[in-house]
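Some notes on the structure that comes next.
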Amino acid sequence: MQIRKNKIYIGDVPVSAIAEKYGTPTYVYDENKIRENYRRALNAFSKYYPDFRFFYAVKACNNPAIVNILRQEGAGIDAASVNEILLAKSVGLSGEDVMFSGNFLSDDDIRRGLKSGVIFNLDDPSTLPRVLKFGKPKILSFRVNPGYGKSNVGEFVTNAGPNAKFGVHPDQVMDAYRAAKKAGIKRFGAHMMPGSCITEPEYFTFITNLMMDIIGKVGRELKIHFEFIDLGGGLGIPYRPGEQGLDIEEAAKQVSAAFRAKVRQYGLKPPRLMMEPARYFVGNAAWIVGKVHSVKRSYKKIIGTDIGMNTLARPAMYGAYHHIYVDGKENAKREKVGLCGQLCENTDFWVKERNLPASIKEGDIVVVENAGAYGFAMSYQYNGRLRPAEVLVNGKNHFLIRRREEFEDMIRNTTVPGYLKK
Ligand SMILES: Cc1ncc(COP(=O)(O)O)c(C=O)c1O
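Under my numbering, think of the first position of the sequence shown as 2, with each following residue one higher.
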């Protein structure tokens, strides 16, 4: 995003043109930015550890156009469900290009996951006998919960450590792999996901050491060759102005050095190093373009827009900060106001107080930053406020990559028993 002569552009397209052509609210992705983010991270990690691969965690933004960009860049897919495996397949990725990291799997998940031939990453050793009832995954890993988790997004998002629902307790990891080996599984990997939006390289190093001390012992004692070790996602981005981003070069350097040292210490055959971020690739590569519908002066001055918690759940869900720009008014005098969406819930009053241009008025275009990860993917239809459109920008060009929902989308899949129609 750039501000040229006081007007906001995404790529080379003015947001006013996007609002006019596609309506509001609309998610707008910058293809070049996604590619830049991916390449910066890949270059850093593969420089220090050449046998390196990213699997994109498609849950963060599952638009097939975006997934195709990351596939073109060489990413595999981290899938949380069978439908995400199918999504990967729809863009041409299957088998060992896809890692199935679901949790609390149903028999149907297991059956369909096995049929797809993807890497199975089990969240709990108790799932293994259930998997074996249906077949043997070609390659199996366990999601290790190394006992620590960290989140710069809020405590709710912490996905490892004693309070997380995820992963195998370190004391159970040896037995989990032993059982898998005994059952005849021949190929192994290992996985963890211990952080969300982490901007301190040292944390990744700390957690790598912790993981490798768990997995190294398993490899040594059970004589298992880990074909890959996946250190999860969590590469952080700054959300607030002035916040420090992750020094990716430093993270890659430190993590690779720690990883190599542990591989040597435990006498392991060097595994492929993998990570499965999402936010780092797509987070800062999308904005929501919305409109001001009214300026209300009541107990406070409140700016009513068409971007609600149904459009962007993160602020209401876990207090996340998203910076807001007003097209044409970035240099204007500011005052403290609130900002909200159109839902009948007070959590939709998602900015209680922010310095925004004092002259903001009906019809102004607002642009919400860093909306690419866990943005559209978490949007929903509450109050009949339907999901927004998604647009991809590449330089001067723009493409509709998901149409705005309409009334038919709200009642699609419903049926009314005949007697209720009388
Ligand atoms: C298993 C798993 N892998 C990867 C990710 C991606 O995380 P991030 O977007 O923080 O990189 C997530 C996000 O929740 C996850 O649950």
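We put the beta carbon where it would ideally sit given N, CA and C, even for glycine. If you're wondering where the values come from, they're calculated on a predicted model, not measured in any experiment.
Same chain, Cβ closer than 6 Å to residue i, neighbours up to 5 away in sequence not counted
i, result
"alanine 253", "Ala45, Phe46, Tyr49"
"glycine 136", "Leu115"
"arginine 388", "Ser380, Glu406"
"serine 152", "Val158, Thr159, Ser197"
"serine 117", "Ile86"
"glutamine 255", "Pro202, Thr206"
Where the beta strand (DSSP E) containing residue i begins and where it ends
i, result
"proline 239", "Looking at the DSSP string, proline 239 is not in any beta strand (DSSP E), and its letter there is neither H nor E."
"alanine 184", "Here alanine 184 belongs to no beta strand (DSSP E), and DSSP marks it neither H nor E."
"serine 200", "The identity of residue 200 in the sequence shown is threonine, whereas the question assumes serine. Premise fails: threonine 200 is in no beta strand (DSSP E) and is neither H nor E."
"arginine 54", "53-58"
"isoleucine 9", "8-11"
"asparagine 356", "352-358"
"phenylalanine 229", "227-231"
"isoleucine 303", "302-306"
"tyrosine 149", "Run containing tyrosine 149: none; DSSP gives neither H nor E here."
"valine 367", "366-369"
"valine 92", "Premise fails: valine 92 is in no beta strand (DSSP E) and is neither H nor E."
Unbroken alpha helix (DSSP H) run spanning residue i, endpoints
i, result
"isoleucine 289", "No alpha helix (DSSP H) contains isoleucine 289, which is instead part of the beta strand (DSSP E) from 287-298."
"aspartate 109", "108-117"
"leucine 71", "65-74"
"isoleucine 412", "408-412"
"glutamine 266", "249-266"
"leucine 133", "128-135"
"isoleucine 35", "32-49"
"arginine 315", "315-319"
Same chain, Cβ closer than 7 Å to residue i, five either side skipped, listed in chain order
i, result
"alanine 359", "Ala333, Lys334, Arg335, Glu336"
"leucine 133", "Ala184"
"threonine 25", "Val290, Gly291, Lys292, Asp307"
"arginine 36", "Ile70, Glu74"
"phenylalanine 227", "Phe189, Gly190, Ala191, Ile216, Gly220, Leu269, Pro272"
"arginine 386", "Gly309, Asn311, Gln343, Leu344"
"valine 92", "Pro65, Val68, Asn69, Arg72"
Cβ-heavy atom distance, residue i to ligand 1, below 7 Å
i, result
"proline 278", "yes"
"lysine 60", "yes"
"serine 197", "yes"
"tyrosine 39", "no"
"methionine 318", "no"
"glycine 96", "no"
"asparagine 153", "no"
"methionine 379", "no"
"glycine 373", "no"
"tyrosine 281", "yes"
"methionine 441", "Here the chain comprises residues numbered 2 to 423, so residue 441 is not present and cannot be evaluated."
"leucine 387", "no"
"asparagine 160", "yes"
"serine 102", "yes"
"glycine 233", "yes"
"asparagine 248", "A quick correction: the sequence has aspartate, not asparagine, at residue 248. No."
Residue(s) in a DSSP beta bridge with residue i
i, result
"serine 142", "Asn122, Gly190"
"leucine 401", "Val392"
"phenylalanine 101", "Ala80, Phe121"
"cysteine 345", "Answer is none; cysteine 345 lacks a bridge partner."
"arginine 335", "Pro358"
"proline 278", "Partner(s): none; proline 278 has no beta bridge."
"proline 15", "Tyr10"
"threonine 27", "Val290, Ala390"
Chain-order list of residues whose beta-carbon lies under 8 Å from that of residue i (same chain, five-residue window excluded)
i, result
"isoleucine 225", "Tyr178, Lys182, Phe189, Val219"
"methionine 411", "Gln382, Gly385, Leu387"
"leucine 324", "Correcting the residue type first, residue 324 is histidine in the shown sequence and not leucine. Only Tyr240, Arg241, Pro242, Val369, Glu370, Asn371 meet the Cβ criterion."
Problem - Segment contact flag, the segment 357-369 with the segment 264-280, C-beta cutoff 8 Å, min 3 pairs - result: no
Handout entry: Any 3 or more C-beta pairs closer than 8 Å across the segment 192-207 and the segment 172-179
Key = no
Practice task
Could you tell me whether the segment 228-235 touches the segment 203-213, where touching means 3 or more Cβ pairs closer than 8 Å?
Solution key: yes
Practice task
State whether the segment 396-403 contacts the segment 12-29, with contact taken as three or more CB pairs (one from each stretch) at a distance under 8 Å.
Solution key: yes
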